[in-house]
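Visitor:
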Amino acid sequence: MKKKNEIVFTGIVFIAMAYGISRFSYGLLLPYFAKDLELTNQVSGIISAVSYLTYCLGLVSMFTLFRNYQPRAILMISGALSLYGLYNMMVAEHFPLFGSGVIILGYSAGLATAPFGQIIKEKVTYGYQDRSNSWINTGIGLGLILVGIIVWVVGDRWRIGYAVFLIVSLIIMWFSYKKLPEVDMSHLNYKTDLKNIFYGKKFIISTILLGIGTSAYWTYFQSYIFQTQYIQFTNLFWIMLGAGGMLGGFAGHMNERLGMTKIHILTAILLGVSNITLVLSEHFLLMMLSVTLFGLVYVFAMGVYAFWCARLYVEYPAMGIIVTFVSLAAGQFIGTFLSGFLLESYGYQTLFYIYGAFSLMTILFKPMAEELADI
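What follows is the structure in structure tokens.
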């Protein structure tokens, strides 16, 4: 049990670096650096969309990396790329170099997901695997909380903010290097078979819609806050988003109690509600509810979809993880690419209503009973 807890804690802090700090801090700091780097909404949307594309490339490259490297080594590569990307963003004077940092961070995050799934599979007792993966995903929330606190302290001095992110990431890298276990991969066979990849067609469509429905929130919710009377509370909103994400770790427990089909429907409804309530009215408590709910349900949804893919890709666990996150990132790429243009044309309210509708559409693609026979 001690070893399990050590792996989970290491996973939480590493995902806090790879996702919360490195990948999603872009949305929080966008209002600060956009003016300095002369970023329009369209350019910021394109940069974010390309980072989702490189995130997909990172995930797909796992098929090759798993044949040649241990999960621990892959995570060290991911961490090194995170440090390099953050450095580029810290020193950038113009948006091309800054954008390259964002894109590199997308790829590094793509390398950070599947290795932990494999470590959990090999090192944690079966009955604890779903819960362990759920709690590792809460690292996103922890990273968001750290980012929110750091930006609260440094204010609009975004370069100093990225310097602190870099220092925190270095500490996490050192800790992960010490604590991550070696995993024997010699008995595993990772073959890319298109027939097996597309086994869960309904699952893939649902995950793509989830990605589209959450993409605008990650990129523009903070910019929207800047347009309201609550600009002085922007970092508090971000911290509450992270706090909600930490609560998403209870997905495993809820899944056992209610069953995955009910949880899937509930997740879709709450994601739609969180998008819509953000712009429904400029009421402080309603907006605070929206960001907390979004953080909780986003991490919760990642856990739910991980459980679903585990039942579909029993013979190909690594492939299931990769298919899940590639589908999610594909949806986020599509959604982010379109969101900049929609924002320019129709404004924030229409943008979040449209993406709330995409979240609700995932109800139409829920798990089938025969896929969940062992739950």
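Number 226 in UniProt numbering belongs to position 226 of the sequence shown; there are no gaps in the numbering. Where a beta carbon is used, it is the ideal one built from N, C-alpha and C, also for glycine.
Who are the Cβ neighbours of Leu37 in its own chain at under 6 Å, not counting the five residues just before and after it?
Guide: Indexing the sequence shown from 1 puts residue 37 at position 37. For Leu37, where only same-chain residues beyond five positions count, the Cβ hits under 6 Å are Phe95, Phe98.
Visitor: Which stretch, first to last residue, makes up the alpha helix (DSSP H) that contains Lys35?
Guide: Taking the sequence shown and counting its residues from 1, one reaches residue 35 at position 35. Where Lys35 is concerned, the enclosing alpha helix (DSSP H) stretches over 25-36.
Visitor: If His283 and Pro367 are in contact, beta carbons under 8 Å, what's the gap, nearest whole angstrom?
Guide: If you number the sequence shown from 1, residue 283 lands on position 283. If you number the sequence shown from 1, residue 367 lands on position 367. Contact doesn't hold; Cβ gap of about 35 Å is too wide.
Visitor: Taking 8 Å as the CB-CB cut-off, is Leu312 touching chain E?
Guide: This model lacks chain E altogether, as it is built from one protein chain only.
Visitor: Between Arg157, Glu182, Val153, Phe165, which has its C-alpha nearest Ile74's C-alpha?
Guide: Looking up residue 74 in the sequence shown gives position 74. Ranking the options by Cα distance to Ile74, first place goes to Glu182.
Visitor: So, Gly106 versus Thr54, is the Cβ gap smaller than 8 Å?
Guide: In the sequence shown, counting from the first residue as 1, residue 106 sits at position 106. In the sequence shown, counting from the first residue as 1, residue 54 sits at position 54. Their beta carbons are under 8 Å apart, which means Gly106 touches Thr54 by this criterion.
Visitor: In this structure, how does DSSP classify His264 when only helix, strand and coil are distinguished?
Guide: Within the sequence shown, the letter at position 264 stands for residue 264. If DSSP states are grouped into helix, strand and coil, His264 belongs with the helices.
Visitor: Which one of Lys179, Tyr84, Ala216 has the shortest CA to CA distance from Ala357?
Guide: Looking up residue 357 in the sequence shown gives position 357. It is Ala216 whose Cα lies nearest to the Cα of Ala357.
Visitor: Could you tell me whether the Cβ atoms of Asp365 and Ile46 are closer together than 8 Å?
Guide: Here residue 365 corresponds to residue number 365 of the sequence shown, with the count starting at 1. Here residue 46 corresponds to residue number 46 of the sequence shown, with the count starting at 1. Reading the sequence as shown, one finds Phe at residue 365 and not Asp. Result no, Cβ atoms of Phe365 and Ile46 do not sit closer than 8 Å.
Visitor: Within 10 angstroms of the Cβ of Tyr305, are there 16 or more other Cβ atoms? Answer buried if so, exposed if not.
Guide: As a first step, residue 305 must be located in the sequence shown, where it is residue number 305. Burial call: buried.
Visitor: Would Pro71 and Pro115 qualify as a contact pair, given that the criterion is a beta-carbon distance under 8 Å?
Guide: Against the sequence shown, residue 71 aligns to sequence position 71. Against the sequence shown, residue 115 aligns to sequence position 115. Contact: yes.
Visitor: Taking C-beta to C-beta, are Ser169 and Leu59 nearer than 8 Å?
Guide: Looking up residue 169 in the sequence shown gives position 169. Looking up residue 59 in the sequence shown gives position 59. No, the Cβ-Cβ distance between Ser169 and Leu59 is not below 8 Å.
Visitor: Verify whether the separation of the beta carbon atoms of Ile145 and Ile239 is less than 8 Å.
Guide: Translated into positions along the sequence shown, residue 145 becomes position 145. Translated into positions along the sequence shown, residue 239 becomes position 239. Yes, they are a contact pair.
Visitor: Distance, Cα to Cα, residue 438 vs Asn41?
Guide: What is shown of the chain runs 1 to 375, which leaves residue 438 out entirely.
Visitor: Do Asn275 and Gly347 have their beta-carbon atoms positioned less than 8 Å apart in this structure?
Guide: Residue 347 sits at position 347 when you count from the first residue of the sequence shown. Residue 275 sits at position 275 when you count from the first residue of the sequence shown. Not closer than 8 Å, so no.
Visitor: If we count the other Cβ atoms within 10 Å of its Cβ and call it buried at 16 or more, is Ala80 buried or exposed?
Guide: Here the question's residue 80 lines up with position 80 in the sequence shown. That one is exposed.
Visitor: Note down, in chain order, each residue of its chain lying with its Cβ closer than 7 Å to the Cβ of Val43, except the 5 sequence neighbours on either side.
Guide: For this step, residue 43 is matched to residue 43 along the sequence shown. Contacts found: Phe95.
Visitor: Identify the continuous alpha helix (DSSP H) that holds Arg72 and give its terminal residues.
Guide: The sequence position of residue 72 within the sequence shown is 72, counting from 1. Run containing Arg72: 71-91, per the alpha helix (DSSP H) assignment.
Visitor: Identify, in the order they occur along the chain, each residue of the same chain with its Cβ nearer than 8 Å to the Cβ of Lys123, setting aside the five sequence neighbours on each side.
Guide: Here the question's residue 123 lines up with position 123 in the sequence shown. So the qualifying residues of the chain are Lys3, Lys4, Ile7, Pro181, Val183.
Visitor: Considering only residues of the same chain and omitting the five flanking positions on each side of Pro350, which have a CB-CB separation below 8 Å?
Guide: Numbered from 1 along the sequence shown, position 350 holds the residue referred to as residue 350. In the sequence on display, residue 350 carries Thr and not Pro. Correct list, in chain order: Leu342.
Visitor: Answer yes or no: do Val153 and Ile103 have a C-beta to C-beta separation smaller than 8 Å?
Guide: Position 153 of the sequence shown, counted from the start, is the residue given in the question as residue 153. Position 103 of the sequence shown, counted from the start, is the residue given in the question as residue 103. Not a contact, by the Cβ cut-off of 8 Å.
Visitor: Could you compute how far the alpha carbon of Thr207 sits from the alpha carbon of Leu142?
Guide: The residue given as residue 207 occupies position 207 in the sequence shown. The residue given as residue 142 occupies position 142 in the sequence shown. Approximately 23 Å between the Cα atoms of the pair.
Visitor: Should residue 378 be labelled buried (16 or more other beta-carbon atoms within 10 Å of its own) or exposed?
Guide: Nothing about residue 378 can be read from this structure; the chain reaches only from 1 to 375.
Visitor: So Thr267 and Phe221 are supposed to be a Cβ contact under 8 Å. How far apart are they, rounded?
Guide: By one-based count along the sequence shown, residue 267 stands at place 267. By one-based count along the sequence shown, residue 221 stands at place 221. With a Cβ gap of about 18 Å, Thr267 and Phe221 do not count as contacting.
Visitor: Which of the three DSSP states is assigned to Ala310 in this structure?
Guide: In the sequence shown, residue 310 corresponds to position 310, counting from 1. Three-state result, Ala310: helix.
Visitor: On the DSSP letters alone, give me the boundaries of the alpha helix (DSSP H) that Lys179 sits inside.
Guide: Stepping through the sequence shown from its first residue, residue 179 is reached at position 179. Residues 158-179.
Visitor: Could you have a look at Lys366 and say whether DSSP puts it in helix, strand or coil?
Guide: Within the sequence shown, the letter at position 366 stands for residue 366. Lys366 falls in the coil class under three-state DSSP.
Visitor: For Thr138, tell me which candidate among Gly303, Ile354, Tyr353, Arg67 has the shortest Cα-Cα distance.
Guide: Start at 1 with the first residue of the sequence shown, and residue 138 comes out as number 138. Residue Gly303 is the option with its Cα nearest to Thr138.
Visitor: Given that a residue counts as buried once 16 or more other Cβ atoms are within 10 Å of its Cβ, and exposed if not, what is Ile231?
Guide: Within the sequence shown, residue 231 is the residue found at index 231, counting from 1. That one is exposed.
Visitor: Closest to Lys201 by C-alpha separation, out of Tyr313, Phe24, Ile21, Val91, would be which residue?
Guide: Locating residue 201 in the sequence shown gives position 201, where the first residue counts as 1. Nearest of Tyr313, Phe24, Ile21, Val91 to Lys201, Cα basis: Tyr313.
Visitor: Cβ atoms of Tyr52 and Gln332: under 8 Å apart, would you say?
Guide: Indexing the sequence shown from 1 puts residue 332 at position 332. Indexing the sequence shown from 1 puts residue 52 at position 52. Yes, Cβ-Cβ distance for Gln332 and Tyr52 is below 8 Å.
Visitor: So, Gly148 versus Gly242, is the Cβ gap smaller than 8 Å?
Guide: Residue 148 sits at position 148 when you count from the first residue of the sequence shown. Residue 242 sits at position 242 when you count from the first residue of the sequence shown. It is a contact, given that the beta carbons lie within the stated cut-off.
Visitor: Looking at the structure shown, is Asp282 part of a helix, part of a strand, or coil, going by DSSP?
Guide: Within the sequence shown, numbered from 1, the residue matching residue 282 stands at position 282. In the sequence on display, residue 282 carries Glu and not Asp. Correct three-state label for Glu282: coil.
Visitor: Using only CA atoms, which one of Ala330, Val326, Ser359, Phe352 lies nearest to Met62?
Guide: By one-based count along the sequence shown, residue 62 stands at place 62. Per the Cα distances, Val326.
Visitor: Can you check the region 129-158 for any alpha helix (DSSP H) of at least 4 residues that lies completely inside it and give the ranges in chain order?
Guide: With a minimum length of 4 residues, the continuous alpha helix (DSSP H) runs that stay inside the region 129-158 are 129-137, 139-154.
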